[in-house]
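Report on the structure given below.
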Amino acid sequence: MESTESSYVSSPEQPQKKSPSRPASPPLDSVEKPTYIKLLVSNAAAGSVIGKGGATITDFQSQSGARIQLSKNYDFFPGTSDRIILISGGIDDALKALELIIAKLLSEIPTEDGDDAEPRMRVRLVVPNNACGSIIGKGGSIIKSFIEESHAGIKISPLDTDFFGLTDRLVTITGALEEQMHAIDLILSKLTDDSHYLQNMHAPLSYAGVFFSGFDGIPYTYHNKEDHTNSVTIGVADEHIGLVVGRGGRNIMEISQNSGARIKISDRGDFMSGTNDRKITITGSQRAIHAAEDMIMRKVSYASERETD
Numbered sequence: 052m053e054s055t056e057s058s059y060v061s062s063p064e065q066p067q068k069k070s071p072s073r074p075a076s077p078p079l080d081s082v083e084k085p086t087y088i089k090l091l092v093s094n095a096a097a098g099s100v101i102g103k104g105g106a107t108i109t110d111f112q113s114q115s116g117a118r119i120q121l122s123k124n125y126d127f128f129p130g131t132s133d134r135i136i137l138i139s140g141g142i143d144d145a146l147k148a149l150e151l152i153i154a155k156l157l158s159e160i161p162t163e164d165g166d167d168a169e170p171r172m173r174v175r176l177v178v179p180n181n182a183c184g185s186i187i188g189k190g191g192s193i194i195k196s197f198i199e200e201s202h203a204g205i206k207i208s209p210l211d212t213d214f215f216g217l218t219d220r221l222v223t224i225t226g227a228l229e230e231q232m233h234a235i236d237l238i239l240s241k242l243t244d245d246s247h248y249l250q251n252m253h254a255p256l257s258y259a260g261v262f263f264s265g266f267d268g269i270p271y272t273y274h275n276k277e278d279h280t281n282s283v284t285i286g287v288a289d290e291h292i293g294l295v296v297g298r299g300g301r302n303i304m305e306i307s308q309n310s311g312a313r314i315k316i317s318d319r320g321d322f323m324s325g326t327n328d329r330k331i332t333i334t335g336s337q338r339a340i341h342a343a344e345d346m347i348m349r350k351v352s353y354a355s356e357r358e359t360d
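In the numbering used here, the protein residues as written are 52 to 360.
Structural data, given as structure tokens:
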């Protein structure tokens, strides 16, 4: 499966100009207009946003006036291992909450001694596919103007067709914090005029209803929770392990996420008795184990068929 961020509508070069100050606050009537911001964060970053006993997220809500919600542990955006943060409220309140969150995460990025470079991170917004046109514009005119004005990098991924039921795309913003916030302000101001965007304001955070298309077009339910009540070990020929794992572990991560099972592969040279098969241990519910085993064996079967052609 291709990454949900493998190609983009627009991919600018690194900004060279100094970012201007953020635009003036919009009129009062637009400030009061309810809106939302949905973004992705790693599981570790989600913990930093929540804080001990929920102290950090409570403080951010108090400071901003916006509501901040997170998807449950292991409830990831399809095709990733990232949780979802939903910020809702007026435009200014939502932007303030987002700025607090980004600043918090930036403060925890380790830096080398003597390195004066400003820490940076990418911000990935989740936007309904049918609302993306309003920020792209005819021939990409709107997104280009946002890039020029904010000096941030703005990239919009295509809709990931490997997941049935997925109707959201990722908008990735890069640059310094001020540049990112300027770009997000411009994007959000445009999206709040799009009825398709506001219709999704109260959509659930869970993507449990999304289905992975599978390796032969047969959908598999996208599971999000772990269940370690059972364990099964199967053998896969050493030469086929690479295909099961995938580049950077992509395949095995997808199989684990989409089946709901935990998967562990033995080290090189650690074979099943009397064979050159590596051991793959699958842990979870019976249903999760069966789904993971089926996906793994389909990968192996596909490799075997190619070898005999």
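Note that the Cβ used here is the ideal one computed from N, Cα and C, for glycine as well.
A203 and H233 do touch by the CB rule: their CB atoms are close to 7 Å apart, below 8 Å. Closest in C-alpha terms to L146, from the list N181, R298, I135 and I119, comes I119. Counting other Cβ atoms within 10 Å of its Cβ, P161 stays below 16 and is therefore classed as exposed. Note that the C-beta distance between S310 and M348 is not below 9 Å. G105 has no beta-bridge partner at all, per DSSP.
Of all alpha-carbon atoms in T218, L210, I205 and H247, the one lying nearest the alpha-carbon of D236 is that of I205. In this structure, D289 lies near D328, with their beta-carbon atoms less than 9 Å apart. Taking L157 as the centre and dropping the five residues before and after it, the same chain places the C-beta of P170, R171, M172 and L228 closer than 8 Å to its C-beta, in chain order. A contact between stretches requires three or more CB pairs, one per stretch, nearer than 8 Å, and the stretch 138 to 154 fails this requirement with the stretch 186 to 195. With 16 or more neighbouring CB atoms inside 10 Å of its own CB, T225 falls in the buried class.
Residue ranges of uninterrupted beta strand (DSSP E) with 3 or more members, entirely inside the stretch 202 to 227 and ordered along the chain, are 204 to 207 and 219 to 225. A residue is called buried once 16 or more other Cβ atoms fall within 10 Å of its Cβ, and R175 is buried on that count.
When the beta-carbon positions are compared, T326 and S282 stay at least 9 Å from each other.
L239 places its beta carbon less than 9 Å from that of I88. The beta-carbon distance between I316 and S307, rounded to whole angstroms, is 11 Å. This is too long to meet the 8 Å contact definition. Judged by beta-carbon spacing, T86 lies within the 9 Å limit of L242, meaning their Cβ atoms are closer than that value. S99 sits away from E150, with the two beta carbons spaced by 9 Å or more. Of all alpha-carbon atoms in H341, L256, G335 and F214, the one lying nearest the alpha-carbon of D126 is that of L256.
Note that the C-beta distance between Y248 and A148 is not below 9 Å. F214 and S122 have their C-alpha atoms roughly 19 Å apart.
For S93, DSSP records a beta bridge to D133. With fewer than 16 other CB atoms across the displayed protein chains lying within 10 angstroms of its CB, K103 is exposed.
Between S196 and D133 a beta carbon distance of about 29 Å is seen, past the 8 Å cut, so the two are scored as non-contacting.
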